[in-house]
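Participant:
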Amino acid sequence: MSSAIVLGATGITGREMVKELAAHPSQWKTIHALSRSKKEDFGSPSVQQHHIDLLNSAQDMAKDLSSIPDLKAVEHVFFCAWLQMPTEKENADVNGAMLQNFLDALEITGATSKLKRIVLVTGCKQYGVHLGQAKNPMLESDPWLRDESRWPPNFYYRQQDILTAFCGEGSKHPEISWTVTYPNDVIGYAAGNFMNLSTDVGIYAAVNKELGRDLEFPGSEIFYTKFDSFTSSKLHAQFCVWAVQEPKTANQAYNVSNGDVQSWQDLWPRVAKHFGMKVKADQFASPGPKDLANLVQLTEKAPQPITMIAKEIGLEGAVPPSELKQRISLVKWSKTEEVKQAWNRLAEREGLQKDSLEKATWAFTDFILGRNYDVVISMSKAREAGWTGYIDTWKSLSDTFGELEAAAILPKTH
Ligand SMILES: NC(=O)c1ccc[n+]([C@@H]2O[C@H](COP(=O)([O-])OP(=O)(O)OC[C@H]3O[C@@H](n4cnc5c(N)ncnc54)[C@H](OP(=O)(O)O)[C@@H]3O)[C@@H](O)[C@H]2O)c1
1 MSSAIVLGAT GITGREMVKE LAAHPSQWKT IHALSRSKKE DFGSPSVQQH HIDLLNSAQD
61 MAKDLSSIPD LKAVEHVFFC AWLQMPTEKE NADVNGAMLQ NFLDALEITG ATSKLKRIVL
121 VTGCKQYGVH LGQAKNPMLE SDPWLRDESR WPPNFYYRQQ DILTAFCGEG SKHPEISWTV
181 TYPNDVIGYA AGNFMNLSTD VGIYAAVNKE LGRDLEFPGS EIFYTKFDSF TSSKLHAQFC
241 VWAVQEPKTA NQAYNVSNGD VQSWQDLWPR VAKHFGMKVK ADQFASPGPK DLANLVQLTE
301 KAPQPITMIA KEIGLEGAVP PSELKQRISL VKWSKTEEVK QAWNRLAERE GLQKDSLEKA
361 TWAFTDFILG RNYDVVISMS KAREAGWTGY IDTWKSLSDT FGELEAAAIL PKTH
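The sequence shown: position 373 = 373 (UniProt numbering), numbered continuously.
1. Whose C-alpha, out of K114, T179, D93, A342, is nearest the C-alpha of F79?
2. Using the Cα positions of E384 and S141, report the straight-line distance between them to the nearest angstrom.
3. With a cut-off of 8 angstroms, does the C-beta of G386 fall near any C-beta of chain C?
4. Looking only at its chain, what residues have a beta carbon closer than 6 angstroms to the beta carbon of G259, apart from the 5 residues adjacent to it on each side?
5. How many Å lie between E338 and A206 at the Cα?
6. Can you determine whether any heavy atom of ligand 1 sits closer than 7 angstroms to the C-beta of L83, and answer yes or no?
7. Taking C-beta to C-beta, are L71 and M98 nearer than 8 angstroms?
8. Mind checking whether Y157 and R146 have CB atoms under 8 angstroms apart?
9. Helix, strand or coil: which one does DSSP assign to T30?
10. So, helix, strand or coil for P247, using DSSP?
11. In three-state DSSP terms, what is K325?
12. Flag this pair as touching only if the segment 230-244 and the segment 356-366 have three or more C-beta atom pairs under 8 angstroms; answer yes or no.
13. Please determine if the segment 282-293 and the segment 247-266 are in contact, where contact requires at least 3 C-beta pairs separated by less than 8 angstroms.
14. At what residue ranges does the segment 327-363 contain a whole run of the alpha helix (DSSP H), taking only runs of 4 or more?
15. Which value, in whole angstroms, describes the spacing of the CA atoms of I222 and S398?
16. What does the alpha-carbon distance come out to for the pair residue 428 and V241?
17. Starting from the Cα of G192, find the closest Cα among D374, E405, S356, H414 and give me that residue.
18. Of the residues P69, F217, Q238, which one's Cα is nearest the Cα of L330?
19. From the DSSP secondary-structure annotation, give me the bridge partner or partners of F79.
Below you can see the structure in the form of C-alpha cells.
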C-alpha cells in the first residue's frame, strides 16, 4: 500500500490523477491532493485535501506540508501544477521556482525518506509546437531547443533540469527516480478550470445551435485535414500510475497520447452530430468574416523547430512557414454582442453556469485549431516499455462533453 502526493489536484491532469489513484484503494492507501483552492469534492475516504501555495518559499511550503500526517511515508509524487504567466521567460522563472521550492520543501520536512518516484507532467511545448512546425512524429530523443538566442526560454526544460538535478542517476537523490510525461491537447474536465479545449468547442457549438446556424470550423482550413495528437486526462492518469510501478520507466520521459490517429475532418462532423447540428457544407468556400478573422505568422517570431534538423533530414528550405490562422477567432467571436446574448439566453433557459463564456480560454483553443502544421507524437517508446493503454479520441471528447453537461457548463444534448 502506497501513499502519494498530487500537486495541481484541481487541474485537468491532476484531478484525474487523484481520481485514478483513489479508484484503487487496495493499492493506494492515502492520496494527498494539494492545491491552493481545494475546490474539488473527491468524495473518497482515501483522498485528503491540503492547501499549498507553490508561489511561497520552500520554508513556508514546508510548514504547509507538515500538516500532512504520514508525510514521511509518501512514496510517490505527481507534479501536475502549473501557472500560466504572460511571457515564456516568466513561465520558466515562475514554474521553475514552484518546482524547485517544492522539492526543497520535501527535503526540509524529511518527506524524501521513503520517496521512490517523482512524476512531472509537462507537454509538447517540449518539441516547440507552440513556435511552429516540428519534425513529425515527435520522439522523446528529438533535440531540445536550448539555444535561447534562437528560441524563447522553455519552462519544461527549466523544470526537467531542476528535477534531474534533484533525483535520478548522478543527482542529489539517486535513490529517487523520476518520470516526465509529454501529453498534448488534453481532453478532460476540471471544475471551474477553463483551459479546456472540450469546454470551448462545446460552448462554440451550443451557441451556434442557439443562433440557428450550421457548425463552421473556426480554425485553419489547412489544420482541418492535418493530424493532431490528443491526450485523455483519464488515460494520462492511468499512464502515470502504470509508470511509477514499472522500473523501466525510471529516469525517462514519455509522450502520452490516446494512441489513435485523429484529425478535425473526422472529429468536427461528430461534434456537430453530438449537438444535433450539421457541419456547414461549404465552410471553407469563402474567407471567414473580416472582423472576426486573424492571422499570425509564427515564423516571424522564432525559427520553426524543424529548422534544428532540417538539413540532416533533407528538408532544408522545404518547409512552409508556420502560421496561426483563425477564420473565426474565438477570442473575437466570444466578445460579440450576438454571441453574448445567445449564450445568456441559453444559460438562463438551461440553468447553465453563466460565466463559462467569459472564463473559457478562447486564445488557447484559437491556437489549437489555428495551426497549419501536423502535431503527431510517437507512442513507440512507451509501448516498448510495456504500455498498452489506448482510448479513442472521439470517445474521450464525447464523454467529456457528458461531464460538462452534468456540471451545467454545457446544455444537455440527450
Ligand atoms: N491543459 C492542456 O491542454 C495541456 C496540454 C498539454 C500539456 N499541459 C501541461 O500539463 C501540465 C499540467 O497542466 P493542467 O492543464 O493539468 O493544469 P490546469 O488544469 O491549468 O491546472 C493547474 C493546477 O495547478 C494548480 N496551481 C496553479 N498555481 C498554483 C500555486 N501557486 N500553488 C498551488 N497550486 C497551483 C491549480 O490549482 P489551484 O488553482 O487550486 O491553485 C491547478 O490545480 C502543465 O505543464 C501544462 O502545460 C496541459
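Ideal placement from N, C-alpha and C gives every residue a C-beta, glycine not left out.
Facilitator: Checking against the coordinates, here is how it stands:
1. T179
2. 14 angstroms
3. Of the protein chains in this structure there is only one, and it is not chain C.
4. M379, Y390
5. 13 angstroms
6. yes
7. no
8. yes
9. strand
10. helix
11. strand
12. no
13. no
14. 330-333, 337-350, 356-359
15. 24 angstroms
16. Residue 428 is absent from the structure shown; the chain starts at 1 and stops at 414.
17. S356
18. F217
19. L7, L120
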